[in-house]
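Presented below is the structure to which this report refers.
Here is the structure:
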């Protein structure tokens, strides 16, 4: 549904930052209500050029993760610094919207309690419904060429006790990534892990990412 809506706005030449709030409001009608079981999880992002750099407008609901790996040492106004490695910073730009996720951020739950809690699918925030406002929930962050973005669901990020371990997945050669990912998940299943909904999308912000192939 989200992809179809993005495509429609793109065809109509209306895929612009000032239309993001309208887009999210329309999508939220079909998603879920506050404090009910999580029927789906979503991260939506719009990347555009901004001067010599790039700008990302994004929002999320549920327990999917949105990471940024960058060499830029500037302090971001949004997200949390999750790890540092080899001169790079890993930022977690989204938060777990489930009730156990909130207790984890408060230091009252460890990661095992988050993933095994009976309230794992209970939300304390969802995208607003008709008539409610998105104020403060559409986030804007500046990024640069050479940065890497990662979108992943719980079937992937729950495999790691330390978020710093995710960095290697954002740095590995993309040409061999598919085979490596499948081997990794097969190993997890073979070890008895209950792997569900394992989705991973990586976007390398190459300087040619907006290149028009017709030119």
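In the numbering used here, the protein residues as written are 395 to 609. Cβ coordinates follow ideal geometry from the N, Cα and C atoms, glycine included.
With a cut-off of 8 Å on the beta carbons, I'd call residue 561 and residue 479 a contact; round off their distance for me. Looking up residue 561 in the chain shown gives position 167. Looking up residue 479 in the chain shown gives position 85. Between residue 479 and residue 561 the Cβ distance is about 5 Å, and since that is below 8 Å, they are a contact.
Excluding five sequence neighbours on each side, which residues of the same chain lie with their C-beta closer than 7 Å to the C-beta of residue 566? For the purposes of this step, residue 566 is identified with residue 172 of the chain shown, where counting begins at 1. Hits under 7 Å: 574.
I believe residue 485 touches residue 546 by the beta-carbon criterion, under 8 Å. Please report the beta-carbon distance rounded to the nearest angstrom. The residue labelled residue 485 in the question sits at position 91 within the chain shown. The residue labelled residue 546 in the question sits at position 152 within the chain shown. Actually they do not touch by this definition, with Cβ atoms about 14 Å apart.
Using only the alpha-carbon positions, how far apart do residue 590 and residue 549 sit? Taking the chain shown and counting its residues from 1, one reaches residue 590 at position 196. Taking the chain shown and counting its residues from 1, one reaches residue 549 at position 155. Whole-angstrom Cα-Cα distance: 5 Å.
Endpoints, beta strand (DSSP E) assigned at residue 447: Position 53 of the chain shown, counted from the start, is the residue given in the question as residue 447. First-last of the beta strand (DSSP E) with residue 447: 447-455.
Among the residues of its own chain, which have a CB less than 8 Å from the CB of residue 582, if the five just before and after it don't count? Here residue 582 refers to the residue found at position 188 of the chain shown. For residue 582, where only same-chain residues beyond five positions count, the Cβ hits under 8 Å are 553 and 589.
Can you tell me the Cβ-Cβ gap for residue 473 and residue 463, rounded? I've got them flagged as a contact below 8 Å. Residue mapping note: residue 473 aligns to position 79 of the chain shown, counting from 1. Residue mapping note: residue 463 aligns to position 69 of the chain shown, counting from 1. No, residue 473 and residue 463 are not in contact; Cβ-Cβ is about 12 Å, not under 8 Å.
Pick from 587, 563 and 543 that is closest to residue 600, judged by C-alpha positions: By one-based count along the chain shown, residue 600 stands at place 206. The shortest Cα separation from residue 600 among 587, 563 and 543 belongs to 543.
Going straight from the alpha carbon of residue 502 to that of residue 555, what length do you get? Translated into positions along the chain shown, residue 502 becomes position 108. Translated into positions along the chain shown, residue 555 becomes position 161. So the two alpha carbons sit approximately 16 Å from each other.
Identified DSSP bridge partners for residue 460: Counting from one through the chain shown, the residue named residue 460 turns up at place 66. In DSSP, residue 460 forms a bridge with 545.
Give the straight-line distance between the Cα atoms of residue 451 and residue 459, rounded to the nearest whole angstrom. Here residue 451 refers to the residue found at position 57 of the chain shown. Here residue 459 refers to the residue found at position 65 of the chain shown. About 15 Å.
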